[in-house]
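Peer 1: Sequence order for the protein chains is C and L.
To convert, note that position 101 of the first sequence is 101 in my numbering; the numbers rise steadily by one, no gaps.
To convert, note that position 425 of the second sequence is 425 in my numbering; the numbers rise steadily by one, no gaps.
The beta-carbon is built from N, C-alpha and C at its ideal position, and this holds for glycine as well.
Sharing a structure here in structure tokens format.
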Amino acid sequence: MSNKRHILILGANSFIAQETAKNFAKNGSDFYLVSRDSEKLEEIKKDLLVRGAGNVQIESLEIASTLNHESFFDNLTSNFTELDTVLIAYGSLADQEKAQADAELSLQEIGINYTSVVSILTLLANYFEKKSYGTIAVISSVAGDRGRKKNYVYGSAKAGLSVFLEGLRNRFGKSDIKVLTIKPGFVDTPMTKDFKKGLLFASAENVGLDIFEAIEKGRDVIYTPFFWRYIMLIIKMIPECIFKKLNI
Amino acid sequence: MVKIPDGAKNTMDHSGKITSWGNYFKTTSAVIPLYWQSEDIALKGSDYFLPVGMRRSYGDCCLNNFGKLISTKNLNRFISFDSINGVLCCQSGISFEEILQFSVPRGWFLPVSPGTKFVSVGGAIANDVHGKNHHSAGTFGENVLEFELLRSNGDKIVCSKNDNKELFHATIAGLGLTGLILWAKIQLKPVKSAFMQCKNIFFYNLEEFLKVSKEYSDKYEYTVAWMDCASKNNLFGRGIFMCANHSPESSDKSYSKKMKNLPFSFPNGLLNNFFVSGFNRLYFTLKEKSAHDFVAHYEPYFYPLDAVGSWNKVYGKRGFLQFQCVIPFHENRKSFFEIFEIIKKSDYSSYLTVVKEFSERQPAGLMSFPRKGITICFDIPNKNDGAIEFIKSLNNYVCDNGGALYPAKDASMSSDNFISSFGKADEFSKFVDSKFSSDFWKRVYKSI
Chain C
1 MSNKRHILIL
11 GANSFIAQET
21 AKNFAKNGSD
31 FYLVSRDSEK
41 LEEIKKDLLV
51 RGAGNVQIES
61 LEIASTLNHE
71 SFFDNLTSNF
81 TELDTVLIAY
91 GSLADQEKAQ
101 ADAELSLQEI
111 GINYTSVVSI
121 LTLLANYFEK
131 KSYGTIAVIS
141 SVAGDRGRKK
151 NYVYGSAKAG
161 LSVFLEGLRN
171 RFGKSDIKVL
181 TIKPGFVDTP
191 MTKDFKKGLL
201 FASAENVGLD
211 IFEAIEKGRD
221 VIYTPFFWRY
231 IMLIIKMIPE
241 CIFKKLNI
Chain L
1 MVKIPDGAKN
11 TMDHSGKITS
21 WGNYFKTTSA
31 VIPLYWQSED
41 IALKGSDYFL
51 PVGMRRSYGD
61 CCLNNFGKLI
71 STKNLNRFIS
81 FDSINGVLCC
91 QSGISFEEIL
101 QFSVPRGWFL
111 PVSPGTKFVS
121 VGGAIANDVH
131 GKNHHSAGTF
141 GENVLEFELL
151 RSNGDKIVCS
161 KNDNKELFHA
171 TIAGLGLTGL
181 ILWAKIQLKP
191 VKSAFMQCKN
201 IFFYNLEEFL
211 KVSKEYSDKY
221 EYTVAWMDCA
231 SKNNLFGRGI
241 FMCANHSPES
251 SDKSYSKKMK
261 NLPFSFPNGL
271 LNNFFVSGFN
281 RLYFTLKEKS
291 AHDFVAHYEP
301 YFYPLDAVGS
311 WNKVYGKRGF
321 LQFQCVIPFH
331 ENRKSFFEIF
341 EIIKKSDYSS
351 YLTVVKEFSE
361 RQPAGLMSFP
371 RKGITICFDI
381 PNKNDGAIEF
391 IKSLNNYVCD
401 NGGALYPAKD
411 ASMSSDNFIS
421 SFGKADEFSK
431 FVDSKFSSDF
441 WKRVYKSI
């Protein structure tokens, strides 16, 4: 059995985050869950406690729409002193056509998916550096591996995030601080509820299990389900002069 | 932890044709996924609604053509667990699989389980499911302590044997028509291990089955018989009476939980009588030669078919028809022998004919299917060879002889069959929410 962890989850209402947390609850881990909606957080808290979680604290906060994370962070570190693992799971997938017609919406998307994460990660990274251990796991996306007309606003934010995490991993490469970049493909969650569900869609349950195992093993980058690594490998290999004409 | 192939859970298409487990009906309806208990669910507008969980019903009681299906599969959280008394409170979309994964290591088991673990708590209540322990434990509904029902007018009503008890009894076996179950409190039962002590008893005709069933029902908590009804000669009616009790101690037997998915529908041609009858003979002979007393993990014992993700695809794109009835146990057992005579004389063969004796119990719901008698269950492929007419003739025989048909399996019963099977249908209809309906309900009752 794996060790008990003390996990901060930002965007805890995300279905991928919930499924990941279920796996950690089994060994009595403590949780600090942050999300917008406290009623939903209560539902998750009860579930995790039944499944074996030790202590579950919740805080309802619009973490993604602010760049001022100091007071949140001070509050967190004084109430959750043993923090050793963070999972950042929040994100927004706006309609691409609306985003490309509206710069404000595009910037808002970048704010949620990239800048706000950079802001909070800066504080967390320095915190773990002082402790000289910890795990930072962040949900990026396969959409960040190559820009496509169908989702490049979202994709560019996730691309920035993936590079930021890569740099962070390099900074901590020789220490006990692990940085995990999670690149899910299509997952059946509220974020994709209006999508037609094809063969490539995975359940949040299976993706959550992949993330749990990757954190436990201290991995660097995972694609989930695994086959996306190969799909993206092929997509990245297509020369730009051809790629730009494709409709994928 | 075991990964379940994504297709194995009968995941929903958000458009396109929607089918049930039998793949017989193809329908069109919007699926509204429900994610939170605290969500505002507006059950308004001109459409009819039907709550659905895993959609493992075989016929059309989980379908709502041109209406809206409210999917509870993401409403799958635990709420509380009393580890001293084994009382579990959970949201209605949680599956039996997830409950067992949680409860068995803690020494608790589901009080009643059907032949698949891919059913939701809400669905188990709505169909008042039964299992191999009906003779000793009754139906799932008998073990439900309390639940909360959301009605289309926005009312949230907590129902139990004491509070709102009429609605409580109408909702158990109420086929999802009385409202949407948000959460439920169920009584689990204590077990000492994840293993079962099993015994296989071989019988060679129908009389022997009755004798064995009488002799072993008191000694074993779980009993069910597989019968070879594909051999149309003197081998017809032989079978294996499988009994089991929960093992008092753990076993060191390892159990690997690999699961495979059938990637595509099989061609229908593989399901000819020759093939099916050969399979039945082989199965009987292999079982006869292997150990008759053995220890098995609960998964292969309770859920052998779950090991193959989408086993329903064996029956091809046209799907299959499932038949399940209960025949009352008259003094002379006339109808029991007669119905098997009809099956023997027919041209239809099934891989899996299951027979079990139900005991006499106070039904948990107004519309509960199990009642004293013998239940017979089998499936046949849907072909253009009169399969549906054959099932309909069996339906009529059962109802003419005081028996009943099981809505969760049914694709063909008539209004008359329904009224004959469920004497309290009119009383039940008063509890049906005016905005809720299903294809089954429209077929057998609403059209009357």
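1. Do residue 16/C and residue 207/C count as a contact pair if the criterion is CB distance below 7 angstroms?
2. Report the three-state DSSP secondary structure of residue 4/C (helix, strand or coil).
3. Relative to the C-alpha of residue 163/L, which residue among 175/L, 153/L, 149/L is closest?
4. Nearest-angstrom Cα distance between residue 228/L and residue 239/L?
5. Is residue 172/L helix, strand or coil by DSSP?
6. Name the DSSP bridge partner or partners of residue 272/L?
7. Since I believe residue 358/L is in contact with residue 370/L (beta carbons under 8 angstroms), could you give me their beta-carbon distance rounded to a whole number of angstroms?
8. Short check: CB of residue 366/L to CB of residue 424/L, under 7 angstroms?
9. Residue 239/C versus chain L: which residues are under 8 angstroms apart at the beta carbon?
10. Mind checking if residue 47/C is an interface residue toward chain L, Cβ cutoff 7 angstroms exclusive?
11. Between which two residues does the alpha helix (DSSP H) harbouring residue 33/L extend?
12. If you check the beta carbons only, do residue 95/L and residue 63/L fall under 7 angstroms apart?
13. Taking its Cβ as the centre, do 16 or more other Cβ atoms sit within 10 Å of residue 169/L, making it buried, or is it exposed?
14. Runs of 3 residues minimum, wholly inside the stretch 364-395 of chain L: which ones carry the beta strand (DSSP E) assignment?
15. Return the residues of the stretch 31-47 of chain L that lie within a Cβ-Cβ distance of less than 7 angstroms from chain C, sorted by chain order.
16. With 9 angstroms as the limit, tell me which residues of the stretch 82-97 of chain L have their beta carbon closer than that to any beta carbon of chain C; keep them in chain order.
17. Which residues in the same chain have their Cβ closer than 8 angstroms to the Cβ of residue 109/L, if we skip the five residues on either side of it in sequence?
18. The beta strand (DSSP E) spanning residue 89/L covers which residue range?
19. Using DSSP's beta-bridge definition, name the partner residues of residue 191/L.
20. List the residues of chain L whose Cβ lies closer than 8 angstroms to the Cβ of residue 184/C, in chain order.
21. Just to confirm, is the Cβ distance from residue 328/L to residue 402/L under 7 angstroms?
22. Should residue 280/L go down as buried or exposed, given a rule of 16 or more other Cβ atoms within 10 Å for buried?
23. Compute the Euclidean distance between the alpha carbons of residue 428/L and residue 143/C, then round it to the nearest angstrom.
24. Do we get a CB-CB distance below 7 angstroms when we pair residue 236/C with the residues of chain L?
25. State the beta-bridge partners of residue 134/C as determined by DSSP.
26. For residue 4/C, go through chain L and note every residue whose CB falls closer than 9 angstroms to its CB, in chain order.
27. Residues of chain L with CB closer than 9 angstroms to the CB of residue 50/C, please, in chain order.
28. In whole angstroms, what is the alpha-carbon distance linking residue 30/C and residue 131/C?
29. Report yes or no: do the stretch 84-99 of chain C and the stretch 1-15 of chain C share at least 3 C-beta pairs separated by less than 8 angstroms?
30. Under 7 angstroms, do residue 34/L and residue 75/L count as touching if we go by C-beta distance?
31. Report the start-end ranges of each beta strand (DSSP E) in the stretch 45-98 of chain L that is 3 residues or longer and not cut off at the edges.
32. Could you name the residues of chain L that residue 217/C contacts, counting a contact when the two beta carbons are closer than 8 angstroms?
33. When you compare only the Cα positions, how much space is there between residue 152/C and residue 96/C?
34. Using only the alpha-carbon positions, how far apart do residue 437/L and residue 416/L sit?
35. Which first and last residues belong to the alpha helix (DSSP H) in which residue 96/C is found?
36. Any contact of the stretch 19-34 of chain C with the stretch 42-59 of chain C, i.e. 3+ C-beta pairs under 8 angstroms?
Peer 2: According to the data block:
1. Cβ atoms of residue 207/C and residue 16/C: closer than 7 angstroms.
2. In this structure, residue 4/C counts as coil in the three-state DSSP scheme.
3. In terms of Cα proximity to residue 163/L, the closest of 175/L, 153/L, 149/L is 149/L.
4. If you take the alpha carbons of residue 228/L and residue 239/L, they lie about 6 angstroms apart.
5. If DSSP states are grouped into helix, strand and coil, residue 172/L belongs with coil.
6. Bridge partners of residue 272/L according to DSSP: none are assigned.
7. A Cβ-Cβ distance of about 5 angstroms is found for the pair residue 370/L and residue 358/L, placing them in contact under the 8 angstroms criterion.
8. Cβ atoms of residue 366/L and residue 424/L: closer than 7 angstroms.
9. What residue 239/C touches in chain L: nothing, since even the nearest Cβ is about 33 angstroms away.
10. At least one chain L Cβ lies under 7 angstroms of residue 47/C.
11. In the DSSP annotation of this structure, residue 33/L is not part of any alpha helix (DSSP H); the continuous beta strand (DSSP E) holding it starts and ends at 30-33.
12. In this structure, residue 63/L does not lie closer than 7 angstroms to residue 95/L by Cβ.
13. When all chains shown are included, residue 169/L counts as buried.
14. Here the runs fully enclosed are 373-381.
15. Within the stretch 31-47 of chain L, the qualifying residues are 33, 35, 36, 37, 38.
16. Of all residues in the stretch 82-97 of chain L, the ones placed with a Cβ closer than 9 angstroms to any Cβ belonging to chain C are 88, 89, 90, 91, in chain order.
17. Excluding positions up to five away in sequence, the list reads 100, 103, 188, 189, 190, 191, 246, 298.
18. From DSSP, the beta strand (DSSP E) with residue 89/L extends over 87-91.
19. Beta-bridge pairing links residue 191/L to no other residue.
20. Near residue 184/C there are no residues of chain L at all, since even the closest Cβ is about 13 angstroms away, more than 8 angstroms.
21. With contacts defined as CB atoms closer than 7 angstroms, residue 328/L and residue 402/L qualify as a contacting pair.
22. Residue environment analysis places residue 280/L among the buried positions, since at least 16 neighbouring C-beta atoms fall within 10 angstroms of its C-beta.
23. Using only the alpha carbons, I get a separation of about 52 angstroms.
24. No - not a single Cβ of chain L is within 7 angstroms of the one on residue 236/C.
25. DSSP, once it has assigned bridges, lists 177/C as partnering residue 134/C.
26. Per Cβ cutoff of 9 angstroms: no residues; residue 4/C is ~17 angstroms from chain L at best.
27. Against residue 50/C, the close residues of chain L are 77, 78, 79, 80, 81, 88, 89, 90, 102, in the order they occur along the chain (beta-carbon pairs closer than 9 angstroms).
28. Each residue's Cα considered, the two are about 18 angstroms apart.
29. Yes, the stretch 84-99 of chain C is in contact with the stretch 1-15 of chain C.
30. Result yes, Cβ atoms of residue 34/L and residue 75/L sit closer than 7 angstroms.
31. You should have 49-52, 68-71, 78-82, 87-91.
32. Result: empty, since nearest Cβ-Cβ is about 14 angstroms, beyond 8 angstroms.
33. So the alpha carbons of these two residues sit roughly 7 angstroms apart.
34. When rounded, the distance between both Cα atoms is 19 angstroms.
35. Boundaries of the alpha helix (DSSP H) around residue 96/C: 96-101.
36. Flag = yes, the stretch 19-34 of chain C and the stretch 42-59 of chain C touch.
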